[in-house]
Amino acid sequence: MFHIFQYQPLRLITQNSLSSMCFKLMFSRPVTFAQIRKSWFSNHSLLGKKNIILMGPPGAGKTTIGRIVGQKLDCPVIDIDDDVLETTWNMSVSKKLQDVGYEEFLEEEGKALLKFSASGCVISLSGSNPMHAAGMQHIKKNGIVVYLDVPTTVIMSRLKSKEMGRIVGLSPGISLKDVLLFRKQFYKRWFDVRVLCGGDVAAEAVAEMVLDAVKRYQDSELETFISTRSSRSGGSTEEDSPKLYFSDVVTQGLALDGGLFVPERGLPKFTAEEWQGLIEATYVERAQVILERCIHPADIPASKLAEIIETAYGENFSCSKIAPVRHLAGNQFLLELFHGPTASFKDFALQLVPHLFAYCIPRSCNYLILVATSGDTGSAVLDGFSRLHDTDKQRIALVNFFPEDGVSPIQKSQMIGCQKENAWSVGVKSDFDFCQTAIKQIFTNSDFTGFLTVEYGTALAAANSINWARLLPQIVYHASAYLDLVHQGIISFGSPIDICIPTGNFGNILAAFYAKMMGIPIRKCICASNENNVLTDFIRTGVYDLRGRKLISSFSPAVDILKSSNLERYLHLIANEDGQLVTELFNQLENQGHFQLRKDLLGKLQQDLVAGWCSGEDCLAAIHSVYSTTGYILDTHTAVAKVVADRLQDRTCPIIISSTAHYSKFAPAILRALRIAEINQNPLSQLHLLSSYSALPPIHWGLL
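Be aware that the sequence shown starts at 1, since it is given in full-length UniProt numbering, and climbs by one per residue.
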């Protein structure tokens, strides 16, 4: 027997207990989720021994892997098929299935599971056990369910030479593939942790992966977050520097010292075999696997996370592929990120984050979310938070600040039109940088935040890309784009690609770099700027200089940004998490308007990033040229990236250009680029004019 299982993840057991601590949480510093975990587990540790329960399709290797895991832990191993079902029935599983038929077999199998009891064992389920709800609920009570997730094509290949009489549901007219795909919904419902098993991974290696997954499930203490400006050393105590978890950073948004949250131990790494196991997966399946590794089940259990992801990317996107990759010309491909409800890449994060936020906050707390936008974030965040359940909308409100004259007319109309009972927009007579800086100052003003807490029982939160949760969905679509190229046969896995991204606040390109760190073979991340080219100058010289610079209004307003917030996260990474250095750099930027990187850090930066910029006229010319040659219309931001990609790519590998918005959001610029007609200032007239040209691709479904 073994004694390694002592507790369940926090979110499975403390949902109600968190509410009683809400008032303390509002004052941020005194109580964190770490302290709640420590106090809860010290008083509520589960007694007895738990089981490791292996679940997966037939041919996943549950029996073999179960035996290896059992040997490593020196504990009993039970195979449900051989040791329980056949013993109970006194006949083979295939004979029982043949005698009673599909439906009766599932019922008999479930009854046998309900009578089964064990502790301190490794249990290998049958492939059909998860289809009996009561039986699974019974066995799951005393164990951790590990899902051996094997690609369907691999399973079919393994089962070609095996006896098929034991596979429940297989019959004339119903193929093995149909059975396997049908069962996935049941596996997803029950598992606690997932292990990706590619076709060539040895059973011994999978067994080690199972043990690693179980250890991670047990120990959420390892997945903590720090500020980019933290000077915490390894000897710090919890009292000096409280541990922060995903639930904390989602709700807090900005660190108390003004820095941004990052995972203390970095992002999870995927092996090449694990990535290859996702080549055939859908976008939603890829998102589930990647986000499960980035969000500990103590914060959001896998089953709840799957529910949230399916809600976010289900009916809200007009394309079934969610983020399709389209060939443009030569070695250039477009990653279309505009199929969400508000027609920009912001929808990927902001259809998801509101649900993550609502789940993580204590149920009795009220939150006011502040957002600054340079254009696309506004309508996306308003739409996302307006889709919350009514009970959540009663306790979560949002205010969106945008530069009154710094967004396109259609973007402004969208933000006004997307307002709901819990979400409002406020135009500010300044630029985006002012809006973003003001929000940061509000968050660090203890007098104001204390006033909100005491007078209104309300805490502040942020939903800009300074919030860590905003970056995670962006990692998914960059990884998915690479896997799509592999699936389409454009490249083989392991071949490098470049990525070119129109960049303002540095969040999207940072997410691409994070995907590279997690194992996606991205060679270079190309940063594309418009006339506000402070990032281009910085990447080329190492000098970030705002002195004498004024924000220039352009055809690509979403990247009309001079202070790129997420750059701080990247610099913290390449500086080996030197929070003191990061603090000095950004204090100097704030006080003196500039800073310069050390030579060694600039060298690291230029290994990862290259940069260029594009004028307004070149942007419009690119839109016209691409439409003339391909019939495809780029939006103004994608056109900026296209121009920079043409200049900087070396054509030795494919390049994916992030198409961050639908062209119809920027109708005046598109009409001018295509030389169609005189531009009317009324946004609706502009859209109708675009839609009246049958030769053009249709305008986005969500705009009219």
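Note that CB positions come from ideal geometry on N, CA and C, so glycine has one too.
Name, in chain order, the residues that DSSP records as bridge partners for residue i.
{"i": "VAL399", "result": "LEU370, TRP424"}
{"i": "ASN51", "result": "GLY143"}
{"i": "THR458", "result": "ASN366"}
{"i": "HIS138", "result": "BP columns for HIS138 are empty, so no partner."}
{"i": "GLN596", "result": "VAL543"}
{"i": "SER658", "result": "LEU335"}
{"i": "PHE261", "result": "SER227"}
{"i": "SER344", "result": "ALA661"}
{"i": "ASP149", "result": "LEU196"}
{"i": "GLY612", "result": "ALA528"}
{"i": "ARG326", "result": "LEU334"}
{"i": "LEU244", "result": "PHE225"}
{"i": "ILE676", "result": "In the DSSP output, where bridge partners are listed per residue, ILE676 has none listed."}
{"i": "ILE522", "result": "ILE497"}
{"i": "SER171", "result": "ILE174"}
Please work out which residues of its chain come closer than 8 angstroms, Cβ to Cβ, to residue i, disregarding the five sequence neighbours upstream and downstream, and give them in chain order.
{"i": "ILE416", "result": "SER425"}
{"i": "SER360", "result": "As written in the sequence, residue 360 is Cys, which differs from the Ser given in the question. The residues are PHE246, SER247, VAL250, THR251, ASP299, ILE300."}
{"i": "TYR102", "result": "VAL168, GLY169, SER171"}
{"i": "ILE439", "result": "LEU370, VAL371, ALA372, PHE401, ALA462, ASN464"}
{"i": "HIS624", "result": "ALA673, LEU674, ARG675"}
{"i": "PHE448", "result": "ILE442"}
Among residues of its own chain, excluding the 5 on either side of residue i, which ones have a beta-carbon nearer than 6 angstroms to its beta-carbon?
{"i": "VAL486", "result": "ILE279, PHE493"}
{"i": "residue 751", "result": "In the structure as shown, the chain begins at 1 and stops at 704. Residue 751 is therefore absent and cannot be evaluated."}
{"i": "GLY277", "result": "PRO151, LEU196, GLY198"}
{"i": "ASN422", "result": "LYS393, ALA397"}
{"i": "SER691", "result": "ILE699"}
{"i": "ILE509", "result": "ILE501, THR503, CYS525, CYS527"}
{"i": "LYS429", "result": "GLU404"}
{"i": "LEU585", "result": "PHE595"}
Looking only at its chain, what residues have a beta carbon closer than 7 angstroms to the beta carbon of residue i, apart from the 5 residues adjacent to it on each side?
{"i": "THR224", "result": "LYS243, LEU244, TYR245, GLU264"}
{"i": "LEU211", "result": "VAL69, LYS72"}
{"i": "MET156", "result": "LEU176, LYS177"}
{"i": "ALA511", "result": "LEU471, GLN474, ILE475, HIS478"}
{"i": "SER480", "result": "TYR283, ARG286, ALA323"}
{"i": "LYS269", "result": "MET518, GLY519"}
{"i": "ARG549", "result": "VAL534, LEU562"}
Contact defined as beta carbons within less than 8 angstroms: I believe residue i pairs with residue j. What is the distance between those atoms, to the nearest angstrom?
{"i": "ALA207", "j": "ILE65", "result": "5 angstroms"}
{"i": "ILE539", "j": "VAL610", "result": "7 angstroms"}
{"i": "LEU125", "j": "LEU54", "result": "6 angstroms"}
{"i": "ALA667", "j": "GLN686", "result": "4 angstroms"}
{"i": "ILE497", "j": "PRO521", "result": "7 angstroms"}
{"i": "LEU106", "j": "HIS138", "result": "With 8 angstroms as the limit, LEU106 and HIS138 do not qualify as a contact, their Cβ atoms being about 15 angstroms apart."}
{"i": "ASN129", "j": "GLY135", "result": "6 angstroms"}
{"i": "ILE561", "j": "ASN532", "result": "7 angstroms"}
{"i": "MET517", "j": "LEU267", "result": "6 angstroms"}
{"i": "ASN566", "j": "ASN505", "result": "6 angstroms"}
{"i": "LEU620", "j": "PHE555", "result": "7 angstroms"}
{"i": "LEU305", "j": "ILE295", "result": "6 angstroms"}
{"i": "GLN414", "j": "THR342", "result": "6 angstroms"}
Candidates the options: which alpha carbon is nearest residue i's?
{"i": "TYR482", "options": "ILE499, ARG672, LYS95, ALA463", "result": "ILE499"}
{"i": "ASP200", "options": "ALA272, GLY143, LEU170, VAL249", "result": "ALA272"}
{"i": "PRO403", "options": "GLN436, ALA397, LYS346", "result": "GLN436"}
{"i": "LEU352", "options": "SER386, ALA669, LEU546", "result": "SER386"}
{"i": "THR636", "options": "SER615, GLN649, CYS653", "result": "SER615"}
{"i": "PRO354", "options": "ALA343, PHE506, ILE497, ASP390", "result": "ASP390"}
{"i": "ASN331", "options": "THR652, GLY702, ASP608", "result": "THR652"}
{"i": "ALA462", "options": "PHE434, GLU568, ASN682, ALA372", "result": "ALA372"}
{"i": "TYR367", "options": "THR453, LEU382, CYS418", "result": "THR453"}
{"i": "LEU159", "options": "ILE526, GLY127, TRP468", "result": "GLY127"}
{"i": "TYR217", "options": "PRO297, ASP608, THR638", "result": "PRO297"}
{"i": "LEU703", "options": "ALA323, TRP190, ASN467, SER379", "result": "SER379"}
{"i": "LEU684", "options": "ALA558, LEU388, ILE699", "result": "ILE699"}
{"i": "ILE657", "options": "SER413, LYS642, LYS516", "result": "LYS642"}
{"i": "GLY507", "options": "VAL543, ALA469, ASP537", "result": "ALA469"}
{"i": "LEU356", "options": "VAL84, ALA329, GLU310, ASP376", "result": "GLU310"}
{"i": "VAL559", "options": "LEU605, TRP613, LEU571, ASP347", "result": "TRP613"}
{"i": "ARG183", "options": "LYS215, ASP149, PHE317, GLU204", "result": "ASP149"}
With 9 angstroms as the threshold, decide whether the Cβ of residue i is near any Cβ in chain D.
{"i": "LEU350", "result": "Among the chains in the structure shown there is no chain D, since it carries only a single protein chain."}
For this session: Could I get the ranges of all uninterrupted alpha helix (DSSP H) runs contained in the stretch 529-594, with 4 residues as the minimum, in chain order?
Result: Secondary structure within the stretch 529-594: the alpha helix (DSSP H) runs of 4 or more consecutive residues, fully enclosed, are 534-541, 567-574, 579-592 (chain order).
Problem set entry | alpha helix (DSSP H) runs wholly inside the stretch 198-225, at least 4 long, in chain order | Counting only runs of 4 or more, we get 203-218.
Problem set entry | Complete beta strand (DSSP E) runs within the stretch 71-141 (minimum length 3 residues, chain order) | Runs of the beta strand (DSSP E) inside the stretch 71-141: 77-79, 122-124.
For this session: Report the residue ranges of all alpha helix (DSSP H) runs contained in full by the stretch 263-289; include only those spanning at least 4 residues, in chain order.
Result: The alpha helix (DSSP H) runs of length 4 or more contained entirely in the stretch 263-289 are, from start to end of the chain, 272-276.
Problem set entry | In chain order, each alpha helix (DSSP H) run of at least 4 residues that lies wholly inside the stretch 434-518 | Taken in chain order, the complete alpha helix (DSSP H) segments of 4 or more residues contained in the stretch 434-518 are 446-456, 468-487, 507-517.
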